[in-house]
Amino acid sequence: MSHLLREHAPITEAGWQLLDSEARERLAPALAARKLVDFSGPHGWQHSATNLGRAKQIVDAPSRGVSGAQRQTLALVELRAPFSIDRAELADADRGAEDADLEALDEATHRIAVAENTAVFHGWGAAGITGIVEASPHEAIELGEDCERYPRHVAKAVDALLSAGVEGPYGLALGPETHTRVLETSEHGGYPLLEHLREIVGGPLVWSPGVKGAAVLSVRGGDFLFESGEDLSIGYESHDADVVRLYLEESLSFRVATPEAAVALT
0 MSHLLREHAP ITEAGWQLLD SEARERLAPA LAARKLVDFS GPHGWQHSAT NLGRAKQIVD
60 APSRGVSGAQ RQTLALVELR APFSIDRAEL ADADRGAEDA DLEALDEATH RIAVAENTAV
120 FHGWGAAGIT GIVEASPHEA IELGEDCERY PRHVAKAVDA LLSAGVEGPY GLALGPETHT
180 RVLETSEHGG YPLLEHLREI VGGPLVWSPG VKGAAVLSVR GGDFLFESGE DLSIGYESHD
240 ADVVRLYLEE SLSFRVATPE AAVALT
């Protein structure tokens, strides 16, 4: 029996396939951080900590003439987003309905994706996670309201990374509002701003719900490390005659190995 307790849910095999498929479809575009950082795993639900490769000396030892050091780790944090599905909708899906109402699942996928992206880029102090933006030693670059000046600001960020000895290619994480502005803007001659920015960074431009403003970061590898214990999965909580209460859950850690490998755009 899995800790997700799916065996106890009044959901058919076809119902679970529908829920899993819908979750994957909704999560794929929203999990922005994973497209820009190093992803390791999934290592399983029982994986509890990330090895930091460091040790701290212990002052007191059990006996004289010996010393001790304690290995340093970063504990994984569990993220959970609850939601409920009407049993009538699941029954209709089993009958072949193509328009089952899974809005609650869609909202849960968005919430947990935003939480993951926010933790990676802006940190989660209570969980011991320092985000990419808050770790960066570079002065943040103000984007302003004039979208046609965005290429100049992004180029300035790339230049700051090059000056710090950080090689490309680079990626650009665009918060939702910034992404919308970029999509709606064509420069003189009708050239899409999105394509111009992509040429500057030489890597992916990613719609990133949860990111404030934008960030340019190296995607060469080894700078930003995301470790997954259990990847996003749907679990069962309880049910009554009308609804099934479920949740999306994952366990993860994140650490910044090279703080100077990113520049924030505010």
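According to numbering that gives the first Met the number 0, the sequence shown is numbered sequentially starting from 0.
The beta-carbon is built from N, C-alpha and C at its ideal position, and this holds for glycine as well.
Sort the options by Cα distance to residue i and report the nearest one.
i: D105; options: V200, E115, L89, S83; result: S83
i: E198; options: P150, A87, L78, E97; result: P150
i: R23; options: H137, A107, G40; result: A107
i: D93; options: G14, E133, S232, S1; result: G14
i: H137; options: K155, G167, I128, G170; result: K155
i: C146; options: T177, R79, A114; result: T177
i: A125; options: Y169, G64, L78, L247; result: L78
i: L231; options: D98, R110, F225, L247; result: L247
i: A103; options: L264, I233, P258, S252; result: I233
i: A118; options: H2, D91, L224, L3; result: L224
i: R5; options: R244, T265, A90, D91; result: R244
i: S162; options: A260, E21, P81, L35; result: A260
i: D239; options: H2, P9, L3; result: P9
i: E133; options: W123, E141, L142; result: W123
i: A96; options: G202, L17, L196; result: L17
Contact check, residue i vs residue j under 8 Å by CB: the rounded distance?
i: A74; j: A48; result: 5 Å
i: V215; j: I131; result: At roughly 10 Å, the Cβ-Cβ gap does not stay under 8 Å, so V215 and I131 are not in contact.
i: V76; j: S227; result: 11 Å between Cβ atoms; not a contact.
i: E229; j: W44; result: 4 Å
With a CB to CB cut of under 8 Å and the five nearest residues on each side skipped, what residues in its chain are close to residue i?
i: L173; result: V181, L204, V205, W206, S207, V210, A213
i: G220; result: D37
i: P41; result: S227, G228, E229, D230
i: G189; result: In this prediction, G189 has a pLDDT of 48, which is less than 50 and means its spatial position is unreliable; nothing more can be read from the coordinates.
Got a sec? Which residues, its chain only, sit under 6 Å from residue i by beta carbon, not counting five neighbours each side?
i: A159; result: H137, V262
i: D344; result: No answer is possible for residue 344: it lies beyond the span of the chain, which begins at 0 and ends at 265.
i: T184; result: C146, L192
i: D85; result: V242
i: D19; result: none
i: T257; result: D222
i: T265; result: A139, E141, G212
Given that a residue counts as buried once 16 or more other Cβ atoms are within 10 Å of its Cβ, and exposed if not, what is residue i?
i: T277; result: What the structure shows of the chain is the stretch from 0 to 265, and residue 277 is not part of that stretch, so it cannot be assessed.
i: R110; result: buried
i: A60; result: exposed
i: H7; result: exposed
i: R33; result: buried
i: H2; result: exposed
Report all residues from its chain with a CB closer than 7 Å to the CB of residue i; omit the five preceding and five following residues, and keep chain order.
i: L51; result: Q71, T72, L73
i: L30; result: A112, E115
Is the shortest distance between the beta-carbon of residue i and the beta-carbons of chain C less than 8 Å?
i: G67; result: Absence of chain C from the displayed structure is noted, only one protein chain being present.
query: Quick one: complete alpha helix (DSSP H) runs, 4+ long, within the segment 89-155?
result: The qualifying runs are 102-121, 131-134.
task: Could you tell me which uninterrupted alpha helix (DSSP H) segments, each at least 4 residues in length, are contained entirely in the segment 181-242, listed from first to last along the chain?
output: Entirely contained in the segment 181-242, the alpha helix (DSSP H) runs reaching 4 residues are, in chain order, 192-200.
message: Could you tell me which whole beta strand (DSSP E) segments of length 3 or greater appear in the segment 3-70?
response: Complete beta strand (DSSP E) runs here, min 3: 37-39, 48-57.
- request: Only counting runs of 3 or more residues, tell me where the beta strand (DSSP E) segments fall wholly within the segment 160-184, in order along the chain.
  value: Counting whole runs of 3 or more residues, the segment 160-184 contains the beta strand (DSSP E) stretches 169-173.
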